[in-house]
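Novice: Quick one: this structure, given as structure tokens, is what I'll be asking you about.
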Amino acid sequence: MKDSLALIGLDWTGSRLSAWAYDAGGEILSSAVMHEPERIAPSEYLARIRFHVSEWLGAWPEVPVIVSGDVGILSQSVTNLSIPVPLMSMPGHLMARDGIWIVPWIRQLSPPDISCGSETILAGLGEDHAAVCIVGRHTRHYDLEHGRILGLSTEITSELRDLLLTAGALALKDGPAQIFDPRVFREWVERALDTDDAPPVFSVEAAIFTGQLDPACKAAAIAGLLIGADVAAHYDPGDEVLLVADGPLREAYGLALDALGADVDEISASEALREGLFELADLAGLLGED
């Protein structure tokens with residue numbers, strides 16, 4: 077691998093550092109996932125990156141290293157990467173710190189919002205005109221027109237679902253094991269899509285109490301209401317939406333957008349992230365002349 081290694085790409089999300097080794101053509105030579113025992117202070121990111129990468133490869137690599145994700149908080153001093161922003165301008169704003177190239181976050185001033193690493197996924201999509209829904213713990217909705225990022229909206233839909241299911245009046249507690257029933261999920265999505273008469277989340281608990289909902293489908297119903305409300309707030313029937321997601325959330329948002337009547341294309345978020353890291357490095361000239 078050493079002879080063909082051209083770039084190391086990294087993404088730091090929460091306590092997880094994901095790493096990919098690329099050759100000059102963008103093919104993945106090796107990958108790894110490393111963990112910190114707990115979240116660390118921003119001032120410690122670079123030192124921990126150097127430690128983990130050196131442990132993974134046996135030594136610090138003699139090729140460019142690019143990182144996105146939580147480490148983008150170190151770019152707070154950059155004030156000229158605010159929406160609206162051309163996608164093609166992003167490579168020119170990579171920040172060199174301690175031998176590491178950092179992908180800065182994109183900011184939106186009104187209403188206030190930040191990209192938190194999703195800007196790298198955008199760079200890997202190969203799209204310049206689309207309504208983009210990037211799904212994860214926090215879901216980000218982007219408006220791209222003619223290669224410019226015109227708008228960003230962040231929803232904490234999945235995090236809110238997890239909080240509701242683990243704490244407070246709607247927590248699962250000692251109830252039955254949960255199953256994901258697509259029929260139940262879609263039913264509650266459709267209720268949320270009726271924005272003039274959408275029920276409150278507590279309706280799920282009431283439906284169980286009145287015998288209208290199987291307790292084993294409580295999580296599916298709550299997710300349906302929350303994801304349905306998320307989708308209804310950002311898209312209309314007939315909209316063309318690029319859904320960027322992986323795993324169960326890809327299925328859930330796909331079902332919700334289908335219930336809305338949107339025209340959906342799907343792409344893997346993890347693949348777009350890997351492509352985005354390489355694309356930004358290449359366009360920034362980190363890989364040398366073609």
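In this note's numbering, the protein residues as written are 77 to 366.
No residue lacks a Cβ here, since even glycine has one placed at the ideal position from N, Cα and C.
1) Which one or two residues does DSSP pair with M171 in a beta bridge?
2) Would the segment 212-223 count as touching the segment 157-166 if we require 3 or more Cβ pairs under 8 Å?
3) Between which two residues does the alpha helix (DSSP H) holding V143 run?
4) Would you mind stating whether A345 and A308 have Cβ atoms separated by less than 9 Å?
5) Once DSSP output is grouped into helix, strand and coil, what is the label at V211?
6) Can you give the Cα-Cα distance for V260 and G101, rounded to whole angstroms?
7) Tell me, please, whether the segment 127-147 touches the segment 80-90 by the rule of three or more beta-carbon pairs shorter than 8 Å.
8) Could you tell me which whole beta strand (DSSP E) segments of length 3 or greater appear in the segment 87-127?
9) Please state the DSSP three-state secondary structure of V277.
10) Helix, strand or coil: how does DSSP classify Y218 here?
11) Within 10 angstroms of the Cβ of V129, are there 16 or more other Cβ atoms? Answer buried if so, exposed if not.
12) Determine the DSSP secondary structure at T286, reduced to helix, strand or coil.
13) For E195, which residues of its own chain have a beta-carbon under 6 Å away from its beta-carbon, when the five flanking residues on both sides are left out?
14) Buried or exposed for D250, please, with buried defined as at least 16 other CB atoms from any protein chain shown within 10 angstroms of its CB.
15) Pick helix, strand or coil for L319, following the three-state DSSP scheme.
Specialist: Taking the structure as given:
1) Taking the first residue of the sequence shown as 1, we reach residue 171 at position 95. I178.
2) yes
3) On the sequence shown, position 67 is the one that residue 143 refers to. Unbroken run through V143 is the beta strand (DSSP E), 141-145; no alpha helix (DSSP H).
4) Here residue 345 corresponds to residue number 269 of the sequence shown, with the count starting at 1. Here residue 308 corresponds to residue number 232 of the sequence shown, with the count starting at 1. No; because the gap between Cβ atoms is not below 9 Å, this pair is not in contact.
5) The residue you call residue 211 lines up with position 135 of the sequence shown. The answer is coil: DSSP assigns V211 none of H, G, I, E or B.
6) To locate residue 260, count along the sequence shown from 1; it is residue 184. To locate residue 101, count along the sequence shown from 1; it is residue 25. If you take the alpha carbons of V260 and G101, they lie about 45 Å apart.
7) yes
8) 92-98, 104-111
9) The residue given as residue 277 occupies position 201 in the sequence shown. In the structure shown, V277 sits in coil (DSSP, three-state: anything other than H, G, I, E or B).
10) In the sequence shown, counting from the first residue as 1, residue 218 sits at position 142. Strand.
11) Walking along the sequence shown from the start, residue 129 turns up at place 53. So V129 counts as buried.
12) As a position in the sequence shown, residue 286 is number 210, starting the count at 1. Three-state DSSP puts T286 in coil, outside helix and strand.
13) Residue 195 sits at position 119 when you count from the first residue of the sequence shown. Hits under 6 Å: I182.
14) By 1-based counting over the sequence shown, the position of residue 250 is 174. Exposed: under 16 other Cβ atoms inside 10 Å.
15) Locating residue 319 in the sequence shown gives position 243, where the first residue counts as 1. It is a strand residue.
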